[in-house]
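Reviewing the structure listed below.
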Amino acid sequence: MTQLTLLCLPYSGASAMVYSRWRRTLPQWLHVQPVELPGRGARFDEPLHTDMGSLAMQLARELYPTLQAPYALFGHSLGALLACEIAHALRELGSPEPVALFASGTAAPTMRADYDRDFAKAKTDAELIEQLRTLNGTSEEILANEELMALTLPILRADFLLCGRFQPRQRPLLNCPVHVFGGTADKATTEQLMGWRRETTGSFSVDMLAGGHFFIHEHEAKVLRLIKDQLSVHHRRHGLATSA
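Just so we're aligned, residue 13 is where the sequence shown starts under my numbering, counting upward by one.
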């Protein structure tokens, strides 16, 4: 059976292992490959990045030697921006484009002036903790755990700088479909989500799910169903092409 690889990029402060449970739910033809970022998880001893372009190119160079088509990219929040940049970086290295890019829970690259306001300056520990509290994704018990926060906050600080210092570059648009997910109670506006349309010459869709910034966990089954439905078309097409 031909497999389609889904590269999954984490959101700010997270390890790519937040996607590991997806492997148990998605079909066998869809190979979930979480992409760990330097400075966290198994790569904890590596330096953190604050420049999106250099991080994307580093990850693309790591992925390129073993990455086989067909593949798709998924990212939530910071991960969505990074997934888009990796798609461009892989193309620069000579890789085929992904069959689809899934951008979840964040404003489009060209719509970030208001979305990332004040993120270009490093935040204090207190400011970072308040930001986590605002996003409603971290319990007060965890926020009060000084040892855990000492590990998490430097990662979160660097990740916020990645977003705040990001500047979109002029370059040829992607040609693959772009599918956007948004939360009805999340920070990203409809206009900011629709801005992802400017990133591709291919097809485009937006699906809104109930919930705040972490709707991908609140409604995981629906998110996975949407991903599977979109990618099943590409899987069937690739399977027919390889068997002909």
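Cβ atoms here follow ideal geometry from the backbone N, Cα and C, with glycine treated the same way.
Segment limits, alpha helix (DSSP H) that includes residue i
i, result
"C175", "E158 to G176"
"G91", "L90 to L105"
"L67", "M64 to L75"
"L147", "D137 to L147"
"T304", "The chain is shown from 13 up to 256; residue 304 falls before or after that span and cannot be answered."
"L155", "E152 to L155"
Near the ligand GDP: residue i beta-carbon under 7 Å from a heavy atom
i, result
"V30", "Although the ligand GDP was asked about, the structure shown includes no ligands whatsoever."
Nearest-angstrom Cα separation, counted from residue j out to residue i
i, j, result
"C96", "A115", "8 Å"
"A197", "Q204", "14 Å"
"R177", "E159", "28 Å"
"A68", "T146", "28 Å"
"L252", "R237", "With a pLDDT of only 47 at L252, under 50, the local geometry of the prediction cannot be trusted, and the value read off the model is given with reservation. Taking the straight line from one Cα to the other gives about 22 Å."
"F86", "N157", "31 Å"
"C188", "S107", "13 Å"
"S151", "L144", "9 Å"
"V190", "L79", "20 Å"
"I250", "A134", "According to the sequence displayed, residue 250 carries His and not Ile. If I take the Cα positions, the gap works out to 45 Å."
"V111", "A84", "5 Å"
"E109", "E153", "43 Å"
"T254", "H247", "Note on T254: pLDDT 44, under 50, position unreliable in the model; the coordinate value appears next. Distance between the alpha carbons of T254 and H247: 11 Å."
"T14", "P39", "12 Å"
"A256", "S27", "A caution first: A256 carries a pLDDT of 35, below 50, which makes its placement in the model unreliable, though a value can still be read off. Answer to the nearest angstrom: the Cα atoms are 40 Å apart."
"G214", "F131", "31 Å"
"D219", "D57", "37 Å"
"A120", "Q70", "22 Å"
"L243", "A72", "21 Å"
"F226", "A170", "20 Å"
"L105", "P166", "31 Å"
"L113", "H88", "11 Å"
"V192", "G51", "27 Å"
"Q179", "T212", "17 Å"
"D63", "G223", "30 Å"
When the options are compared against residue i, the one with the closest alpha-carbon
i, options, result
"F172", "F193, H43, A156 and R124", "R124"
"P82", "K240, Q182 and T17", "T17"
"A233", "Q182, A120 and T37", "T37"
"E142", "L155, D130 and K133", "L155"
"E230", "T136, G195, R209 and P46", "G195"
"N127", "R33, S27 and G207", "Note on identity: in this sequence residue 127 is Tyr, with Asn being the wrong assignment. Of the listed residues, the one whose Cα sits closest to Y127 is G207."
"L90", "R35, A200, T212 and R210", "A200"
"M161", "L102, T136 and L185", "T136"
"R103", "F193, L186 and I239", "L186"
"H61", "L75, R33, W41 and C175", "C175"
"L75", "S66, V245, I98 and G224", "I98"
Residue i - containing beta strand (DSSP E), residue span
i, result
"G194", "V190 to G195"
"D219", "F216 to L221"
"F227", "It is not in any beta strand (DSSP E) - F227 instead sits in the alpha helix (DSSP H) that spans F227 to E230."
"Q45", "L42 to P46"
"L19", "L16 to L21"
"A81", "Element bounds for A81: n/a, residue is neither H nor E."
"A112", "A112 to S116"
Cβ-based neighbour list, residue i, same chain, cut-off 7 Å, excluding 5 preceding and 5 following
i, result
"T164", "G25"
"L168", "S24, G25 and L140"
"Y31", "C20, V44 and P46"
Contacting residues, own chain, Cβ-Cβ under 8 Å from residue i (five flanking each side not counted)
i, result
"A54", "E48"
"R183", "H100"
"P59", "P50 and G51"
Residues of its chain near residue i, where Cβ-Cβ distance is below 6 Å and the 5 sequence neighbours each way are ignored
i, result
"D241", "none"
"A92", "A115, S116 and T118"
"R35", "V44"
"F216", "V190 and R209"
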